[in-house]
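A.B. asks: In the numbering used here, the protein residues as written are 2 to 212.
1. Count the other CB atoms, across all protein chains shown, that sit within 10 Å of the CB of residue 110; report buried if there are 16 or more and exposed otherwise.
2. How would you call residue 12, buried or exposed, if buried means at least 16 neighbouring beta carbons within 10 angstroms?
3. If I follow the unbroken beta strand (DSSP E) through residue 49, where does it start and stop?
4. Taking 8 Å as the cut-off, decide whether the C-beta atoms of residue 76 and residue 67 are in contact.
5. By alpha-carbon positions, which one of 165, 151 and 145 ends up nearest to residue 118?
6. Taking the C-alpha atoms as reference points, what is the distance between residue 55 and residue 157?
7. By the 10 Å Cβ neighbour count, where 16 or more other Cβ atoms means buried, how is residue 69 classified, buried or exposed?
8. With distances taken Cα to Cα, identify the nearest neighbour of residue 42 among 85, 153 and 18.
9. If you pair each beta-carbon of the stretch 179-190 with each one of the stretch 101-109, do three or more pairs fall below 8 Å?
10. Need the endpoints of the beta strand (DSSP E) that residue 17 sits in, please.
11. Under the DSSP definition of a beta bridge, which residues are partnered with residue 166?
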């Protein structure tokens with residue numbers, strides 16, 4: 002990982018390229034992110050940089066976190082995330098990273114929390130097919146059917162696809178293209194959709210599987 006930032010999803014819109022084609026984009030507000038702490042191999046066993054995003058009142062943090070920010074001489078932040086950069090020595094505690102570290106044409110991965118959809122059945126959650134709705138099927142057309150063998154093994158295996166909580170989980174979209182960067186307002190427009198609702202927290206990093 003060469004670079005990364007914390008931000009939030011603003012919403013979707015569209016831009017036009019030089020050929021006049023419509024490009025659907027998601028606008029992200031990324032940064033400014035302050036470096037709050039550096040992890041070292043000697044002390045922590047690995048190298049990483051902890052970034053903070055979103056200023057909050059000092060009264061909103063507890064004493065341990067207040068001391069954590071005070072030690073770094075950084076205003077209290079709402080969100081903290083660690084980034085394992087390839088060269089952590091290039092970032093020092095107190096440095097502020099902004100959207101200008103990315104440029105148009107970059108390939109990035111965006112990670113967010115997908116929208117929660119509550120309790121869902123097997124058809125919506127796992128894309129199961131329905132049963133036939135004739136010849137005595139009864140009111141179970143949207144049920145999942147058999148869940149396994151009978152006397153042996155006399156149980157349902159772990160991981161069986163069944164109804165349950167859908168959404169509200171960490172989702173990463175890979176290889177999105179940066180279409181435009183507004184460094185003055187810390188805005189980045191990436192091609193395509195990004196997980197989560199408006200104002201949801203996201204993490205943007207350079208793509209790990211880019212060609």
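All C-beta atoms in this analysis are idealised placements derived from N, C-alpha and C, irrespective of residue type, glycine included.
C.D. replies: So, from the data block:
1. Counted from its first residue, the chain shown places residue 110 at position 109. Answer is buried; the Cβ neighbour count reaches 16.
2. Working through the chain shown from its first residue, we reach residue 12 at position 11. It is exposed - the Cβ of residue 12 has fewer than 16 other Cβ atoms within 10 Å.
3. The count along the chain shown starts at 1 and reaches residue 49 at position 48. Per DSSP, residue 49 belongs to the beta strand (DSSP E) from 49-56.
4. As a first step, residue 76 is located in the chain shown; it is residue number 75 there, counting from the start. As a first step, residue 67 is located in the chain shown; it is residue number 66 there, counting from the start. No; because the gap between Cβ atoms is not below 8 Å, this pair is not in contact.
5. The residue labelled residue 118 in the question sits at position 117 within the chain shown. Residue 165 is the option with its Cα nearest to residue 118.
6. Reading the chain shown from its first residue, position 54 is the one you call residue 55. Reading the chain shown from its first residue, position 156 is the one you call residue 157. Going from the Cα of residue 55 to the Cα of residue 157 covers about 45 Å.
7. What you label residue 69 is simply residue 68 of the chain shown in a count that begins at 1. By the 10 Å Cβ count, residue 69 comes out buried.
8. Residue mapping note: residue 42 aligns to position 41 of the chain shown, counting from 1. Considering only alpha carbons, the answer is 85.
9. yes
10. Position 16 of the chain shown, counted from the start, is the residue given in the question as residue 17. Where residue 17 is concerned, the enclosing beta strand (DSSP E) stretches over 5-17.
11. By 1-based counting over the chain shown, the position of residue 166 is 165. The partner list for residue 166 (beta bridge, DSSP) reads 120.
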